[in-house]
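Peer 1:
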Amino acid sequence: MSQQGYVAAPPYSQAQPGMGGYQGGYGPSGTTQPLYGHYGGPNQAYNAPPTAGMLKSPAVGLPPTPASTQFSPNVQQNGAHPHRYPAPPAISAYGQPAQSTYNSMPPQPPPSTQQITNQMSAMSMGNYASGPAAPMNSVAQPHLQRPPPAMGQPPPMSTPQSPTASMPMTSPPMAGAPMSPPPMTGAPPMGAPPMGGAPPMGAPSMAGVPPMGAPPMAGAPPMGVPPMAGAAMAGPPMANMGRPFPGSPPPGVGGFQQAGPGTAGLQGFPQQPGQFGGPMAGPQPGMPGGFPSGPSQLSGPPQKKLDLDSIPSTIEVIENDRLRYEGQIYTTNIRGQVPPLVTSQFTVQDQGNASPRFMRCTTYALPCTADLAKQCQVPLAAIIKPLALLPKNETPLYVVNHGETGPIRCNRCKAYMCPYMQFIEGGRRFQCAFCNCVNEVPVFYFQHLDHMGRRVDFYERPELSLGSYEFEATLDYCKNNKAPNPPAFIFMIDVSYSNIKSGLVKIICNELKTLLEKLPKEEGSESSVIKVGFVTYNKVLHFYNVKSALAQPQMMVVSDTAEMFVPLLDGFLVNYQDSKAVIYNLLDQIPDMFADTNESETVFAPVIQAGVEALKAAECSGKLFIFHSAMPTAEAPGKLKNRDDKKLINTDKEKTLFQPQKGVYEQLAKDCAANGCSVDLFLFPSQYVDLTTMASVPSHTGGSVFKYNNFQMETDGDHFLRDLRKDVQKSIGFDAVMRVRTSTGFRATDFFGAVHMNNTTDVEMAAVDCDKAVTVEFKHDDTLAEDSGAMMQCALLYTTLSGQRRLRIHNLSLNCSSQLSELYKSCETDALINFFAKSAYRAILNQPVKNVREILVNQTAHILACYRKNCASPSPPSQLVLPDAMKVFPVYMNSLMKTAPLVTSTELPTDDRAHQRLSVMGMSVEETQLLLYPRLIPLHNMDPGSDALPAPVRCSEERLSDAGMFLLENGHSMFLWLGQASSPDVIQGIFDLPSLGHLQPNTTALPELDTPLSKKVRSIVGDLLEKRTNSMKLHVVRQKDKPEILFRQFLVEDKGLYGGASYMDFLCHVYREVRQLLT
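Here it is, written out as structure tokens:
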């Protein structure tokens, strides 16, 4: 099936053989080829083009090429692999082979001025420009789908609909491809940053191998020369210099002359004559996200600015989906249908498949064979949020009771009764959809079949007609075959000197008085049955007896932290309503009791141990809320020492910074998981606390970690209390075990989340709340059939808030296809990026960060190259063709690579990087989407009387204006940005100040004014805080103030603050990599 691709190609330079980590097969056959990494498999090389002088166009209408022709045949098939990423190859993926193939390269004459003029006039950026359509590329484009216009632009000419869209770009033709790299006949047009390998003028060449005659850049020392200080060999795309991507630049692209003498020790790289003469100062002012200036600065005419609107826009994709689905009812009765995006508002009607609120997939059409999966490299995964909240206008899940025998299941694979089971022999038996085993139908469950072969009670039984429902579990599903007791919440407060002094202990105690009135409860219940307990601690632990019969609470101290025990059973865990007076009394006393403390040392592991012991003694599951301030340095089990070492950054040992210290905490995580004890940690550090280790228990027990650096009551108090309220009140299940079953042909092989895995199939979570998601990866173990499709069933066994044991079942059916075009058409970018984020964040535990980053780039290029080769209509090589469903995939991938865990900068605190890494592991698709593409909302032109939220704009500095006011939020941070020319009326209306100059720096709250503008802005901020999983602290920043730097790091389409390419540059680089793979 021939499809025209979404062509995102500004007029960039041609990709050159021997760049970007590929040698491209030129030179003698004995030369070592740098290898490309495949997800979950060994590295592999792309085969060289068969003949010189030809660029093969993608096959049209042909069946997909077998894997062996596209990839080297020694790649093992998909299966369970010990590591998500391949081990680092002996030679760096982006390094160059020892013997150079460039010896025979003739120097280039500079192109004439006429040539340059011709190239500039040949630029074709028609599709995204707001003016009249620009001339099309000289190659005929049969069915070209234009992307929808950006907001406020006139719609382009209508074109036939196709699953991919295209954006033409021209580039100078490439002279024939001889066996040594070809000379280029023309320089890249001025108006574009050259693709990845060709830095714009004024930029250092990329890591890898320097251009001929250039001093070697950091990252690629010449043979026999040690790497330059501070730069690792073949540095990652974001090394300290902020270079975009590894890979050798093309041989003298554009004929730029590099400043400086030829390099000693690097033979065979002839000096290239310069095109534009002598050196030039600094980067180009008109080049958004150009590469930073470096040692070799080049001269040239000013460059034309490339328009942001010429490349795919996330905002536009989100807006088009919203318009398509808003207010619509999405029914789930079709196998393998792709749901609306997470950003759209829609109503789900369950008709046999689980709602996308519970389950989303990276693709809704699985490839039929492992070879096809390997060929396209699109990961096959589902992101499951088993306890997701449903909007009020959707039907809550039905609870089914199958009596004392428990839920009906398949005898062989233990799958639960669901809509995919086939009833046969007049209804007396059913055939399992997952393993094909034929089972007897119990007598009480028997029902006749209608003329279609369906049971006549089909619509009366949720388990036969719906995708999601719950079963009441029998005692067989309970620990020790006993019904569980209601769960408990234990509040454990660090009362060391810093927490008392900051006022933290006082606000926690005051807040708990009102918060305990709002403990979560089962739908329809009058009050919560959750029990509560209280512990305070520094070097020793204080337990409190708050039994309702007491007039005053009693304190019991345990000073032997090595052998932790709970000194009282009766009176420690109580019902809040019964003991309200005693608890109030205690919460009033705690701040005064420790007001004069000088104790600054604390313990930590014994605190968790005490919580586990208390829950064990009460025979219930529950959650610990721990409020802690510093690294545990007191003599006790779990004592930690400072192991933060910035010298490890950007080395092979950097991974140790993300690995928790083994021993005590590892055992504690196992104990907590086994006893249904989840831990939520609220940290208030003023310096490094080894968060990686301290958070290892929460991150394996379905818990969360909240972090407030240098906590100050005035600026952080409200932010912390909002988090605490959300956390205590959210809907939650306890002592949970989840299993994912699949139909034959594929299986779940890997799980990512805040979970504990005791074996390869059971996902254990001491607690699972309504926001936690588990990402599950699938691999083939046989061929899948197109007609029967693929089924998966997620079963979650958990204890409800009322102490009832339940089974929650989610079923989903997917299509299977032997056509790669179907797979690409059915992809979901937001789910893909959730998977990539989690797998990359896990991979940095075992591999250098730079390797992980390279693999992310490689896989992006592989996915797009495979699409172009097998699915897209023929198009000029100068075009980057993107599948319509993945056209904004590169912007998310580039944003992921600029996140703290994947940036090797010594300026980022290790604890902050570790915190983000662990937070993302439990995130749902909605959260990772917003984290990686924040919302930037213009507020300066809105109508204060309107209810509508202004439409967001692209996340780029180009969208800001000096007179503007913008709100940016990503689910974790929130900024109100004020341009330096902001109208005094706006400042008066929101802050009650005469001008922007009167605004105090570090403002974190909006005053409550009785003006329409103030009410509207506060209402927007309040709605967002309500809607998001976490609270966000508001930062008010003025343009050109120092704190604005913090705001700018969230403009993900621009260059990263700590290194990292702009979206434009990344697209260029990916384009080059794709070209390299296809030539």
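Numbering-wise (our numbering), the sequence shown opens with residue 2 and increments by one. Ideal Cβ positions, reconstructed from N, Cα and C, are used throughout, including at glycine.
For lysine 899, which residues from the same chain have a beta carbon less than 6 angstroms from its beta carbon, with the 5 sequence-adjacent residues on both sides left out?
Peer 2: Taken in chain order, the residues that qualify are Gly1057, Gly1061.
Peer 1: Between the alpha carbons of asparagine 437 and leucine 798, how many angstroms are there, rounded?
Peer 2: Rounded to whole angstroms, asparagine 437 to leucine 798 spans 24 angstroms at the Cα level.
Peer 1: With methionine 898 as the anchor, note down where its alpha helix (DSSP H) starts and where it stops.
Peer 2: Its alpha helix (DSSP H) spans residues 890 to 898.
Peer 1: Report the partner residues of isoleucine 494 according to the DSSP bridge assignment.
Peer 2: Thr537, Phe628.
Peer 1: Would you report the Cα separation of isoleucine 1046 and arginine 960, rounded to the nearest angstrom?
Peer 2: So the two alpha carbons sit approximately 16 angstroms from each other.
Peer 1: For proline 368, list the residues DSSP reports as bridge partners.
Peer 2: Proline 368 is bridged to Ser818.
Peer 1: Taking the CB atoms as reference points, tell me whether proline 623 and phenylalanine 735 lie closer together than 8 angstroms.
Peer 2: First, the residue type needs correcting, since residue 623 is glycine and not proline in the sequence shown. Yes; because the gap between Cβ atoms is below 8 angstroms, this pair is in contact.
Peer 1: How about valine 547 and valine 583: do their beta carbons lie closer than 8 angstroms?
Peer 2: It is a contact, given that the beta carbons lie within the stated cut-off.
Peer 1: Is the beta carbon of cysteine 817 sitting closer than 8 angstroms to the one on alanine 786?
Peer 2: It is a contact, given that the beta carbons lie within the stated cut-off.
Peer 1: If you draw a straight line from the C-alpha of glutamine 1 to the C-alpha of glycine 972, how long is it?
Peer 2: Outside the shown range of the chain, which is 2 to 1080, sits residue 1, and nothing can be said about it.
Peer 1: Using the rule of at least 16 other Cβ atoms within 10 Å of the residue's Cβ for burial, across every protein chain shown, is methionine 975 buried or exposed?
Peer 2: By the 10 Å Cβ count, methionine 975 comes out buried.
Peer 1: Name the two residues that bound the continuous alpha helix (DSSP H) containing arginine 644.
Peer 2: Here arginine 644 belongs to no alpha helix (DSSP H), and DSSP marks it neither H nor E.
Peer 1: By the three-class DSSP mapping on this structure, what secondary structure does leucine 1052 have?
Peer 2: Leucine 1052: coil per DSSP, three-state reduction.
Peer 1: If we call anything under 8 angstroms between Cβ atoms a contact, is phenylalanine 836 one with leucine 897?
Peer 2: Against a cut-off of 8 angstroms, the Cβ pair of leucine 897 and phenylalanine 836 comes out as no contact.
Peer 1: Is the distance from the Cβ of serine 732 to the Cβ of methionine 792 below 8 angstroms?
Peer 2: Not closer than 8 angstroms, so no.
Peer 1: Nearest CA to the CA of proline 463: which residue from Ser499, His403, Phe435?
Peer 2: Looking at the Cα atoms, His403 is the closest of the given residues.
Peer 1: Given a cut-off of 8 angstroms on the beta-carbon distance, is the pair leucine 813 and glycine 468 in contact?
Peer 2: Cβ distance < 8 angstroms, so leucine 813 and glycine 468 count as in contact.
Peer 1: Measure the CB-CB distance between serine 345 and glutamate 317 and report whether it falls below 8 angstroms.
Peer 2: In this structure, glutamate 317 does not lie closer than 8 angstroms to serine 345 by Cβ.
Peer 1: Note down the Cα distance separating proline 340 from proline 357, rounded to an integer number of angstroms.
Peer 2: Rounded to whole angstroms, proline 340 to proline 357 spans 7 angstroms at the Cα level.
Peer 1: At a cut of 8 angstroms, does the segment 529 to 547 reach the segment 592 to 600 through at least three beta carbon pairs?
Peer 2: Segments in contact, yes.
Peer 1: Please report the Cβ distance between phenylalanine 752 and valine 777, rounded to the nearest whole angstrom; I am assuming they are in contact, meaning their Cβ atoms lie under 8 angstroms.
Peer 2: Contact flag correct, Cβ pair sits at about 6 angstroms.
Peer 1: At 3 residues or longer, and completely inside the segment 708 to 793: list those beta strand (DSSP E) runs for me, N to C.
Peer 2: Runs found: 733 to 743, 747 to 753, 764 to 770, 775 to 781.
Peer 1: My assumption, with CB atoms under 8 angstroms, is that leucine 857 sits in contact with alanine 841. Please give the rounded CB distance.
Peer 2: That belief holds up - the Cβ atoms of leucine 857 and alanine 841 are roughly 6 angstroms apart, short of 8 angstroms.
Peer 1: May I ask you to verify whether the segment 495 to 506 touches the segment 709 to 720, counting CB pairs closer than 8 angstroms and requiring at least 3?
Peer 2: Short answer: they touch.
Peer 1: Taking isoleucine 330 as part of the alpha helix (DSSP H), name the residues at either end of that continuous run.
Peer 2: Counting along the chain, isoleucine 330 falls outside any alpha helix (DSSP H), though it belongs to the beta strand (DSSP E) covering 330 to 332.
Peer 1: Roughly how far, in whole angstroms, is the beta-carbon of threonine 634 from the beta-carbon of isoleucine 501, given that I think they are within contact range, below 8 angstroms?
Peer 2: About 18 angstroms; that fails the 8 angstroms criterion.
Peer 1: Cα-Cα, which of Glu1027, Phe492, Arg807 is closest to leucine 476?
Peer 2: Nearest of Glu1027, Phe492, Arg807 to leucine 476, Cα basis: Arg807.
Peer 1: Which of the three DSSP states is assigned to proline 463 in this structure?
Peer 2: It is helical.
Peer 1: Which same chain residues end up closer than 7 angstroms to leucine 342 when comparing Cβ atoms and leaving out the 5 residues on each side of it in sequence?
Peer 2: Cβ within range, chain order: Ile319, Asp322, Asp831.
Peer 1: Per DSSP, which one or two residues make a beta bridge with methionine 966?
Peer 2: The partner list for methionine 966 (beta bridge, DSSP) reads Leu979.
Peer 1: Could you name the residues of the same chain whose beta carbon sits closer than 6 angstroms to that of leucine 574, not counting the 5 residues immediately before and after it, in chain order?
Peer 2: For leucine 574, where only same-chain residues beyond five positions count, the Cβ hits under 6 angstroms are Ala489, Lys532, Gly534, Ala619.
Peer 1: Give a yes or no on contact between the segment 437 to 453 and the segment 404 to 416, applying the rule of three or more CB pairs nearer than 8 angstroms.
Peer 2: At 8 angstroms Cβ cutoff, the stretches touch.
Peer 1: Give me the Cα-Cα distance between phenylalanine 747 and alanine 371, rounded to the nearest whole angstrom.
Peer 2: Taking the straight line from one Cα to the other gives about 9 angstroms.
Peer 1: When you compare only the Cα positions, how much space is there between methionine 1065 and serine 803?
Peer 2: Approximately 53 angstroms, taken between the alpha carbons.
Peer 1: Please look up how many angstroms separate the CB atoms of isoleucine 627 and phenylalanine 544, rounded, as I've assumed it's under 8 angstroms.
Peer 2: The pair is not a contact, with the Cβ atoms about 15 angstroms apart (cut-off 8 angstroms).
Peer 1: Any idea if serine 947 is buried or exposed, counting beta-carbon neighbours within 10 angstroms, 16 or more meaning buried?
Peer 2: When all chains shown are included, serine 947 counts as exposed.
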